[in-house]
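Each residue of the sequence shown is one higher than the one before, counting from 0 in numbering that gives the first Met the number 0.
Think of the CB as a built atom: it goes at the ideal place given N, C-alpha and C, for glycine as much as any other residue.
Notes to accompany the following structure.
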Amino acid sequence: MGRWQPNARGRLAAAALELYSERGFEQTTVAEIARHAGLTERTFFNHYADKREVLFATAGEFQDRFVGAVSGALESVAPIDALAVGLDAIAEMLAGQRDFVRTRQAVIMSNPELQERDLIKLAATSAALADALRRHGVAEPDASLAAEAGVTLFKVGFHRWIAADEERELSLLMREALDALKSVTAGGRCTAGPLRPAGASEGAQGDR
Numbered sequence: 000m001g002r003w004q005p006n007a008r009g010r011l012a013a014a015a016l017e018l019y020s021e022r023g024f025e026q027t028t029v030a031e032i033a034r035h036a037g038l039t040e041r042t043f044f045n046h047y048a049d050k051r052e053v054l055f056a057t058a059g060e061f062q063d064r065f066v067g068a069v070s071g072a073l074e075s076v077a078p079i080d081a082l083a084v085g086l087d088a089i090a091e092m093l094a095g096q097r098d099f100v101r102t103r104q105a106v107i108m109s110n111p112e113l114q115e116r117d118l119i120k121l122a123a124t125s126a127a128l129a130d131a132l133r134r135h136g137v138a139e140p141d142a143s144l145a146a147e148a149g150v151t152l153f154k155v156g157f158h159r160w161i162a163a164d165e166e167r168e169l170s171l172l173m174r175e176a177l178d179a180l181k182s183v184t185a186g187g188r189c190t191a192g193p194l195r196p197a198g199a200s201e202g203a204q205g206d207r
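Have a look at this one:
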């Protein structure tokens, strides 16, 4: 099929994810992905730089939405509340995609190289958030701390959202994480129990 086959990009992504899940990322070739999608290798490379980028094709949109929403909100609300607006924007972006994202994340977690790339993408988002906060008058180290907190809140909510037995929406889970952070930083009580001293065994400290 030719280059302009309708929805070629989506078909390639679906084919790649299916093959990665069945055979493994390293064992799957670009030629196999293209053939599985009913397209050519040339068409694949018109849409993706390599087979890794199939899994990270939305990283740019993720960063733009997160940073853009935070930047817009900083005009009228405090930084922590601006982060909440950014998290809501990400939840909207991923709405209805839980099954796809679960499968994608399982592929990433099975390969150290993909895990490293995932972390690099998140680090780039944190740096962009920090830059946005600085442009709106948030000084260092507060800007970097807030940016890292924003990415961490996303990660906590995201990994809860893709758990096999989770049915709640991503927006709710990230808001719960944000509320927990606010409680801790405001001096609220931690419900997770006391931390064990370094080197202490579970037997000596009891069950958590």
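With H, G and I counted as helix, E and B as strand and the rest as coil, what does DSSP make of N110? The three-state reading of DSSP puts N110 in coil, since its state is none of H, G, I, E or B.
Status (buried if at least 16 other CB within 10 Å, exposed otherwise) for M173: buried
Is it buried or exposed for S70, if we count other Cβ within 10 angstroms and need 16 for buried? buried
Whose CA, out of T102, F153, G67, lies closest to the CA of A12? T102
Got a sec, what are the start and stop residues for the alpha helix (DSSP H) F153 sits in? 141-160
Which runs of the alpha helix (DSSP H) at least 4 residues long sit entirely within the region 2-70? Give them in chain order. 7-22, 29-36, 40-46
Between the alpha carbons of D80 and V53, how many angstroms are there, rounded? 33 Å
Please name the residue in K154, Q96, D130 whose C-alpha comes closest to that of D63. Relative to the Cα of D63, the nearest Cα in the group K154, Q96, D130 belongs to D130.
I think S20 touches V137, with their Cβ atoms under 8 Å apart; what is that distance to the nearest whole Å? That belief does not hold up - the Cβ atoms of S20 and V137 are roughly 42 Å apart, past 8 Å.
Report back the beta-carbon spacing between A7 and L38 to the nearest angstrom; my notes put them in contact at under 8 Å. 6 Å
8 Å Cβ shell around A126 - same chain, five flanking residues per side excluded: Within the same chain, A126 has close Cβ partners A146.
From L113, S170, L132, pick the residue whose C-alpha is nearest to that of G95; which is it? Scanning L113, S170, L132 for the CA closest to the CA of G95 turns up S170.
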